[in-house]
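Here the structure is laid out as structure tokens; the discussion comes afterwards.
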Amino acid sequence: DAGITQSPRHKVTETGTPVTLRCHQTENHRYMYWYRQDPGHGLRLIHYSYGVKDTDKGEVSDGYSVSRSKTEDFLLTLESATSSQTSVYFCAIRNGTVETQYFGPGTRLLVL
Amino acid sequence: AQSVTQPDIHITVSEGASLELRCNYSYGATPYLFWYVQSPGQGLQLLLKYFSGDTLVQGIKGFEAEFKRSQSSFNLRKPSVHWSDAAEYFCAVVRNSGGYQKVTFGTGTKLQVIP
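Order-wise, the sequence lines are chains A and B.
Each residue of the first sequence is one higher than the one before, counting from 718 in the numbering used here.
Each residue of the second sequence is one higher than the one before, counting from 2 in the numbering used here.
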């Protein structure tokens, strides 16, 4: 258990509304990640952070933004949710010098 | 570019039987390789990892994996499957990209265990 929590755990929203997902960690890890998981695609990286205010894009970043104002919190925002963003979102932290990632419990998002 | 292939989308085994889940990777340098397990409704849990050294690595829950460079494979094995092993399994490979280490996941293999 890497002390990662995600909120909310489930959310239903409507197309066009903004949505923010929160990832919180308690162990002061520098690197944090947001993934989405969809059937047949495995996990795909949306954005990652390598420190406070330091973020970068992953492979599926369109339509998403992130912020990290504190070490412990990494926020993922869907500025205007679309049905294609219906997915399960996982936050992860990196522990160690090699990319060993530990995952949060996930947020299930449904965009109607 | 790196890639990870898990050729089996779904596997069914009987409880007590042996298990092998296949993973093939494509990466030009020495890879760092991982296996994760995901139970329904849960996040991913690290089973084991290979960085270097002994090509047979032991993980949690009685799993092991063998790195075979000549075959670009990192197959996961368990000698006797338990009903609680029913889950989805993901192989992953890490590469360095500048200062960032990129993780690529396979698409997963769903394991069903029958009595």
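Built from N, CA and C at the ideal position, the CB exists for glycine as well.
Values in this document were obtained by computation on a predicted structure and should not be read as measured data.
{"Asked": "DSSP beta-bridge partners of E742 of chain A", "Found": "Here residue 742 of chain A turns out to be Gln, not Glu, going by the sequence shown. Answer is A:I721."}
{"Asked": "K62 of chain B (DSSP reduced to helix, strand or coil)", "Found": "helix"}
{"Asked": "Separation of V736 of chain A from K79 of chain B, as counted between CA atoms", "Found": "42 Å"}
{"Asked": "Residue-chain proximity (G44 of chain B, chain A), Cβ-Cβ < 8 Å", "Found": "yes"}
{"Asked": "Residue closest to T13 of chain B, alpha-carbon to alpha-carbon, out of B:Q7, B:V5 and B:L22", "Found": "B:L22"}
{"Asked": "Simplified DSSP state of S15 of chain B, which is helix, strand or coil", "Found": "strand"}
{"Asked": "Length of the line joining the Cα atoms of V769 of chain A and S786 of chain A", "Found": "6 Å"}
{"Asked": "Sub-8 Å separation of H764 of chain A and Y781 of chain A beta-carbons", "Found": "yes"}
{"Asked": "Helix, strand or coil at Q46 of chain B according to DSSP, with G and I counted as helix", "Found": "strand"}
{"Asked": "Unbroken beta strand (DSSP E) run spanning R825 of chain A, endpoints", "Found": "T824 to V828"}
{"Asked": "At least three beta-carbon pairs within less than 8 Å, the region 769-779 of chain A to the region 47-60 of chain B", "Found": "no"}
{"Asked": "Pair within 8 Å by beta-carbon distance, T730 of chain A and V828 of chain A", "Found": "yes"}
{"Asked": "K111 of chain B to E744 of chain A span [Cα, whole Å]", "Found": "32 Å"}
{"Asked": "Spatial distance of Q43 of chain B from G821 of chain A (CA atoms)", "Found": "8 Å"}
{"Asked": "Given V95 of chain B as reference, the closest of B:A87, B:H11 and B:V104 once Cα atoms are compared", "Found": "B:V104"}
{"Asked": "Partner residues on chain D for V38 of chain B, Cβ-Cβ distance less than 7 Å", "Found": "In summary, chain D is missing from the structure at hand, where the protein chains are A and B."}
{"Asked": "First through last residue of the beta strand (DSSP E) which encompasses Y819 of chain A", "Found": "T817 to F820"}
{"Asked": "Residue span of the beta strand (DSSP E) that contains W751 of chain A, given as start and end", "Found": "M749 to D755"}
{"Asked": "Residues bridged to D790 of chain A (per DSSP)", "Found": "A:H741 and A:K787"}
{"Asked": "Any chain B beta carbon closer than 8 Å to P725 of chain A", "Found": "no"}
{"Asked": "S73 of chain B, DSSP secondary structure in three states", "Found": "coil"}
{"Asked": "Under 8 Å between C-beta atoms of Y26 of chain B and F75 of chain B", "Found": "yes"}
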